[in-house]
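What follows is one structure encoded as structure tokens, with my remarks underneath.
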Ligand SMILES: Nc1ncnc2c1ncn2[C@@H]1O[C@H](COP(=O)(O)O)[C@@H](O)[C@H]1O
Ligand SMILES: Nc1ncnc2c1ncn2[C@@H]1O[C@H](COP(=O)(O)O)[C@@H](O)[C@H]1O
Ligand SMILES: Nc1ncnc2c1ncn2[C@@H]1O[C@H](COP(=O)(O)O)[C@@H](O)[C@H]1O
Ligand SMILES: Nc1ncnc2c1ncn2[C@@H]1O[C@H](COP(=O)(O)O)[C@@H](O)[C@H]1O
Ligand SMILES: [Mg+2]
Ligand SMILES: [Mg+2]
Ligand SMILES: [Mg+2]
Ligand SMILES: [Mg+2]
Ligand SMILES: [Mg+2]
Ligand SMILES: [Mg+2]
Ligand SMILES: [Mg+2]
Ligand SMILES: [Mg+2]
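Chains as they are written, first to last, in the numbering used here: chain A, 217 to 429; chain B, 217 to 429; chain C, 217 to 429; chain D, 217 to 429; chain E, 217 to 429; chain F, 217 to 429; chain G, 217 to 429; chain H, 217 to 429.
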């Protein structure tokens, strides 16, 4: 009895069960994964270690492991696909693992998605080149570390809900993501909402809820 | 030339122009209000002082002043009304000015809205009494100070996007809203996104964008 | 002479001697344990490393090692058992080591105890299912990380003293337990008192004092 | 409808209704006070301004106003009196308003109480002179600002539950009570639990719960 | 003897003496101003109160008072004018007093200067409209509060030294300028250097040193 | 009984009683002053308001009021005078009230003293001009706000105990004295010890203890 | 497609391409290095691990690896050399890796440079011995950890732009460079600008821009 | 040339040279040690790693290595011994490495010294047992982590200069020594001065200066 599984979310048809693996042992992760998979739903594991991923893949060889995003996803039954798209836009190469966590999550929840990476404000022309593509999306996830200015700039250029994810990328006075977090909370572009530092999963969850309204 | 007005937002038909009055003098507020009203759009002023509100009402007697929410709203032309509703839920009586700021903003952007106030977690039965009403909304704004736990509890009970607004209500280790802000960012209920402390306007702006998708 | 043993606590009949092992070497822990055991009292070691636990178990094979709670307990003589119970309630699987530290401590002080784990507010029905059991206790220890909202919710539902333990579980803006700590200090449910982050021992000590009044 | 009154607490026989006045207007306070008094229970208002206190006293001339503690208490019916006592111990003259808030609260909840003030650790003989009196209590509230060391010292000298209230008294690196708060959370005397900075009410509430077990 | 005047700076020909008035009384300010003016140099007073400004203007009717920038400047002799220009670029109307402090300082040190205000990133087209003008400058001062993203964006668009001034404009999690300060320190646009929050004077001083190399 | 006077310190012959007035009312200050004066010792009141000072001077016309240092000192009997001197060195004009608090305290404790003010590191020649005088002292108090670098520089130039007092002078990222406090605690000049922000009294007390060894 | 290379900076003739390696894998670094080198420009890699440096040197044996500064520099074509010099001045031996990062960067951008190390304020005569040499430079970079006072002292002694780099050297209340950062931002010597903690690269970039005006 | 040795301190006859080894390599430490030893003075190395200590002992077999205090001391010539004693008092077993650093330093500077360890306030009778011994000292160093209350208690019991060293011992809200640091800075016992967290060396240096006045 180390877990009281919350079947609350499973009632939403097509939604995957999600396991947050950070503080769990490999046997715990494997056991919970199996218990959820057995019910026939999709299952997503986030913050999974290499070791736990291998244990899960052993049990479910068809599951997909994304080492950069630290996720394992198991698809069962027919996967829904939304008419609208979510865009995931990121500032730098170093933000990629948060991008991938968000990416696997939105996919797993049945959304169409575009990734537009490494378009940070230090070279803003890179962002403008992709603006048309970004504007096609119904919801936009912005991922940025260091000073996180990309969220404000993008927020001023689009007319869609923007969910900002500060990352812990940086050093010194970035204080492990605090700088980017404060930037995003204080954005003078209206309508930006923010999730926890490095919380690609949470941003994806919210984006998916919006995309499927 | 103390301001470079941003007509960017006006292009979105039906959206009001919004003036953030906090650091502006009464003559500045009155002048900007007039300049925007003249174009025939709706105009919303937030964080307005009593003095500035009176100056604006002098010029536009039909404008509505909400002293609790510190807003003045001018409606011109036919007001759109959304099919879906936004719910604004708050923890305590002390959070009311943030609630009112959000309320005036969502109204002004043409949304239907319900207010459910003083249903904080210290007496959680009050929240359950209102759950059915809250679930009718397409988007939910949660406003809470002190420890801000209402966002997490509500987030676990509904299946809609939840936008959380921490307030500066509290004392001592609430650190002017920091406590509620951290609570909301770390919520273990998925899909909650957060705006700045006391930022009722920002939450309303984002909620309206989502409500009108 | 690296320690001035405090026999102050031993004077309270039936109370165990407690060794905080965090900054002590294995030989130091083993020597102090022996010096206390020899007097015939119960002995409890907290924050003990695997290595130190093994050294102690070598000397006292009948002692009980709880690796999750990082404790070793030695029972000597007849163990008292309180008429009343303490409840230990926790939010998630990840809080278990703090739960276990508290559990071993209240047991060792001669209290009856119930553990109710993984009933965090993200799925609040899980808490309501256990409310009757929780209400049987004379004192309640609440253990929660991330946003720590469980303390507030429970505090509003029971009429008994609630001692809240914030845990360092979380990431990003949880700031190693600061978020949960602030939540608990600012709880708008009356009568909640708080101990240090991850301090399962301290909460158990206070709960035991109250339970045995 | 600016308030959803929580009659939940009234069900605990003999406990007064408590109004936290900090963010409420004088008319709001007066109206809520009347609404609660009418039911025949005791009523306690905390953090009340002089102006609001006068409005309430106008309505209820027999209510007691404590300007130092910023409370107004109305006693109705027969007041219960506990067999056991609560001790309120404070470090300095400057902590008196927190002491008085706690004092009025424990009184109002029907507890016997002793106040022992200005016995801070800078002159520790003052504390020892009062130790016998303090030890008569079943629960002890310690109130201290600046470095808050009194809680640790007292915690090591008594065998009863100690509830510590850090105060905002101090300057510079006291950071409005943060210093005393951290001291108390890190106390190496076991069994101390802590409430928010300046929260005399909360400490009294918890102490009363314990005293009446 | 309340001051040991530092004539060190006077040795740099043409540079005015600067009086920082913040913690000084009106008589102190007036006395120091007179003592410096008498030597025939230009004199600049910053952070001057209205009262002190009037006292100085009474003594030196030809001095120029800038109430927004809180400066008084006295020009004596022939004013030098640099071949190159400094640009002062700001994000919003609320940053104007910092802009004016910087403006009066660079003028007073003999620099040509352009002010480009209210071009924050929430409506980035406003910045692009002015880019050609900004690029004419030899050094650029960027003034921004809230999230301060303007510094990063501009830093990626120009090839000149950029000195960033975070302002205390904002509320909530802007923490009186901390948010903008961290943004600017962590900027991923290279070559940006930063001064203290609201330190328009310091930025202007550094810009002038560079402009006159 | 709002105070438990601590006669402990009076036993140290010649030392005055000290009243910290910050959180006390005028009648409280006047009463305590009288109670101490009556015993024939010297009395010193610190952090005294203008109003309380006038009340005390009314009772004791021979007492000396220092409005800048916010002190009132009453000398009774023969004043001792130490053979050695204390030097109080400060960085800027704005630090003067802390300097004066320290000055009145060391005087009152019977020490000879030199004040050397406004010799901050921005014009370090001013410090070198006074070095000989400073070196005559047996103990040195350094008072500095903003970045507080004077303590480090002086600490590297003298061979005597240096007590550093950070002041709250500054703005922005000085965070009310935190910057100077951290500077002084991290000084790479050995042998510097530090007191609380603006604590001129505490530095003077420690310096006097050392000077009179 | 893990990177969108920003050729923006390459347009400035003679400037090297710079790769920030901190969060990149060895293959990523090697690939980006090659991609940039192939265009014939100079290439600089900062924050490079030993492993990645070896991979790059394998491809480009003529590149220069500075293990202390954690840089690899590849020079191609004729290297420009500025008429003016940059001085890099540091407080202690422990700051050397930041010094070396700055040194390699200014060299690589074609500047003449002097290094003056270990002249911290604890022994200020060491600084005065080098003052003449430092004054020859057109721009000065100051590198200091712990309390960072060197920036203020030097800033008061020279008439040139000073760029200050706080380092993470220190312990305890240095808070990984926060102390030095605050010192530098609050410097009472005018004209000092500041970059992020340990950001030798950024200081060098800005210094080079100024040196080549 | 990686170091500019500061012979400033060596001029004080009998004082040892001190090497702070934290950020230095083993060869650097060994080289500096040799360079200083050769001049015939005493040499003290602090924060030395096991590896570096062995290298130094290889060169100087008569040097004394204290692994707990992380020091190596080399005595040459006749060692002075002060008439007065320094007392080093500590709260718990976990503070011992800071105690030992202070101990080796005061010894090396020629002072007589007493160590009184593990007398923290949780069992205050332990302190009273040693008070007579402590009062024999001319200066007292207090070493304490967690809540650091020992400094205040001792400061109120003795009439000698007290230098307080906060240690990083603790967990959770001790924030690596911040809690103890704030406690000591805010002590309501007068005359306590404070050094950096874990800075046993600095406290010893200051104590030695005072002891030898
Ligand atoms: N990467 C993540 N970050 C934050 N929350 C997560 C993450 N992944 C999963 N979760 C949430 O954590 C819950 C599972 O927590 P647990 O009961 O500890 O397994 C899921 O239902 C999700 O709502
Ligand atoms: N300016 C001051 N800052 C800190 N402590 C002070 C100050 N002035 C007096 N004190 C101390 O505060 C004690 C008096 O506290 P109280 O009992 O509140 O009057 C005195 O004995 C002094 O030790
Ligand atoms: N040590 C450094 N610190 C901060 N920024 C750097 C550093 N080294 C390089 N950069 C910047 O980072 C940019 C490259 O970032 P990236 O696209 O992640 O390789 C370069 O153009 C530089 O402007
Ligand atoms: N443990 C220590 N903590 C702080 N400062 C120290 C310590 N040990 C030595 N020092 C100081 O650091 C100086 C040596 O610095 P360095 O030039 O880097 O070797 C010595 O002269 C001492 O003043
Ligand atoms: Mg990039
Ligand atoms: Mg309410
Ligand atoms: Mg769970
Ligand atoms: Mg007192
Ligand atoms: Mg604007
Ligand atoms: Mg000055
Ligand atoms: Mg050195
Ligand atoms: Mg011990």
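Don't be surprised by glycine CBs; every beta carbon is placed ideally from N, CA and C.
Being a predicted model, the structure only gives us computed values, none of them experimental.
Practice problem: Could you check how far apart the C-beta atoms of residue 322 of chain C and residue 329 of chain C are, in whole angstroms? I think they sit under 8 angstroms. | Solution: 5 angstroms
Quiz item: So which residues of chain C does residue 377 of chain D contact, with C-beta pairs closer than 8 angstroms?
Solution: 422, 425, 426 and 429
Quiz prompt | Alpha-carbon to alpha-carbon, residue 334 of chain H and residue 309 of chain H | solution = 6 angstroms
Quiz item: Where DSSP assigns a beta bridge to residue 260 of chain F, which residues make up the other side?
Solution: F:234 and F:289
Exercise. Using a Cβ-Cβ cut-off of 7 angstroms, state whether residue 340 of chain A counts as contacting chain E.
Key: yes
Quiz item: Do we get a CB-CB distance below 7 angstroms when we pair residue 336 of chain A with the residues of chain E?
Solution: yes
Quiz item: Roughly how many angstroms separate the alpha carbons of residue 398 of chain C and residue 411 of chain B, rounded to a whole number?
Solution: 19 angstroms
Quiz item: Are the C-beta of residue 368 of chain D and some C-beta of chain H separated by less than 7 angstroms?
Solution: yes
Quiz item: Applying the criterion that 16 or more other CB atoms from any shown protein chain within 10 Å of the CB defines a buried residue, is residue 255 of chain E buried or exposed?
Solution: exposed
Quiz item: When you compare only the Cα positions, how much space is there between residue 353 of chain F and residue 302 of chain F?
Solution: 5 angstroms
Quiz prompt | Within-7 angstroms CB hit, residue 393 of chain B to chain E | solution = yes
Quiz item: For residue 302 of chain B, does the three-state DSSP call read helix, strand or coil?
Solution: strand
Quiz item: Taking any Cβ of chain A, which residues in the stretch 352-365 of chain B have a Cβ under 7 angstroms from it, in chain order?
Solution: 354
Practice problem: Could you please tell me which residues of the stretch 294-312 of chain B, in chain order, have their CB closer than 7 angstroms to any CB of chain D? | Solution: 309, 310 and 312
Quiz item: Between residue 401 of chain C and residue 413 of chain C, what straight-line distance do the alpha-carbon atoms span, to the nearest angstrom?
Solution: 12 angstroms
Exercise. Identify, in the order they occur along the chain, each residue of the same chain with its Cβ nearer than 7 angstroms to the Cβ of residue 404 of chain A, setting aside the five sequence neighbours on each side.
Key: 368
Practice problem: Apply the 10 Å Cβ neighbour rule to residue 238 of chain E and answer buried if 16 or more other Cβ atoms are within range, or exposed otherwise. | Solution: exposed
Practice problem: Please determine, among A:345, A:315, A:376 and A:326, the residue with the shortest C-alpha to C-alpha distance to residue 360 of chain A. | Solution: A:315
Practice problem: Could you have a look at residue 412 of chain G and say whether DSSP puts it in helix, strand or coil? | Solution: coil
Quiz item: Does the Cβ-Cβ distance between residue 382 of chain H and residue 372 of chain H come in under 7 angstroms?
Solution: no
Quiz item: Are residue 408 of chain D and residue 378 of chain D closer than 7 angstroms when you measure CB to CB?
Solution: yes
Quiz item: Should residue 311 of chain D be labelled buried (16 or more other beta-carbon atoms within 10 Å of its own) or exposed?
Solution: buried
Self-check item: residue 341 of chain G, buried or exposed, once every other Cβ within 10 Å from all chains shown has been counted against 16
Solution: exposed
Exercise. Starting from the C-beta of residue 327 of chain H, find all residues in its chain whose C-beta is less than 7 angstroms away, skip the five residues before and the five after it, and write them out in chain order.
Key: 298, 302, 424 and 427
Quiz prompt | Beta carbon of residue 236 of chain B nearer than 7 angstroms to that of residue 258 of chain B | solution = no
Quiz item: Where does residue 380 of chain F fall in DSSP's three states?
Solution: strand
Quiz item: If you compare alpha carbons, which of A:346, A:374, A:296 and A:246 is closest to residue 279 of chain A?
Solution: A:246
Quiz prompt | Same chain, Cβ closer than 6 angstroms to residue 357 of chain G, neighbours up to 5 away in sequence not counted | solution = 304, 318, 379, 419 and 423
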